[in-house]
Amino acid sequence: MKIHYVTLTILFLTFANQSFAQKAITFDEWMSNFSYDKIGPMQVDANGAKVLLATKKAVLLDIRFDEERATWQINSGIHIPANELPKRLKELDKNTLYIVACPHETRSEMSMLYLTTKGYKAKFLKGGLMGLMDSLRGGNALDFQEMLKN
């Protein structure tokens, strides 16, 4: 009886783990299924990103190049330059939602699409890191830091 319970538990955990991860698809499949209703879920604005990050429902994925990051630090998330994503995918968890960010949106949109076709959950940061920083002016930065602590 004990072996039966253990077997059922292992099967359940295996199935549950697979159901949370997204299936990898080809770019052709992604494009063939693209419609207006896909646009909203692909992106998140600065305020939505702050809530997702503060509630630990998402992780910031900074895809800027090393020299950009060295010049302009952000003390949150994971840093993997966009051109290194293919060889560093194993550092990411398919069950985690990533908010992909670059200074504006161009690289983050491409990287979000790449991650999505590989079976990862990702949104790009609408307005980019510039928009996020603009939303953190003045006391908003302190409020956001307090949100992150909780």
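First residue of the sequence shown: 0, per numbering that gives the first Met the number 0; consecutive thereafter. We put the CB at the ideal spot given by N, CA and C, even for glycine.
For K56, the nearest candidate out of D133, A121, G127, M111 (CA to CA)
A121
Are any of the Cβ atoms in chain B nearer than 8 Å to that of T25?
Considering every chain present, this structure includes no chain B. It has just one protein chain.
Quick check: the segment 48–65 against the segment 24–35, are there 3 or more CB pairs under 8 Å?
no
In the DSSP assignment, what residue or residues form a beta bridge with F123?
Q42, V99
For K49 and F143, which I take to be in contact (beta-carbon distance under 8 Å), what is that distance rounded to the nearest angstrom?
6 Å
Identify every residue that forms a DSSP beta bridge with D61.
H78, A100
I'd like the span of the alpha helix (DSSP H) that includes W29, first residue to last.
26–31
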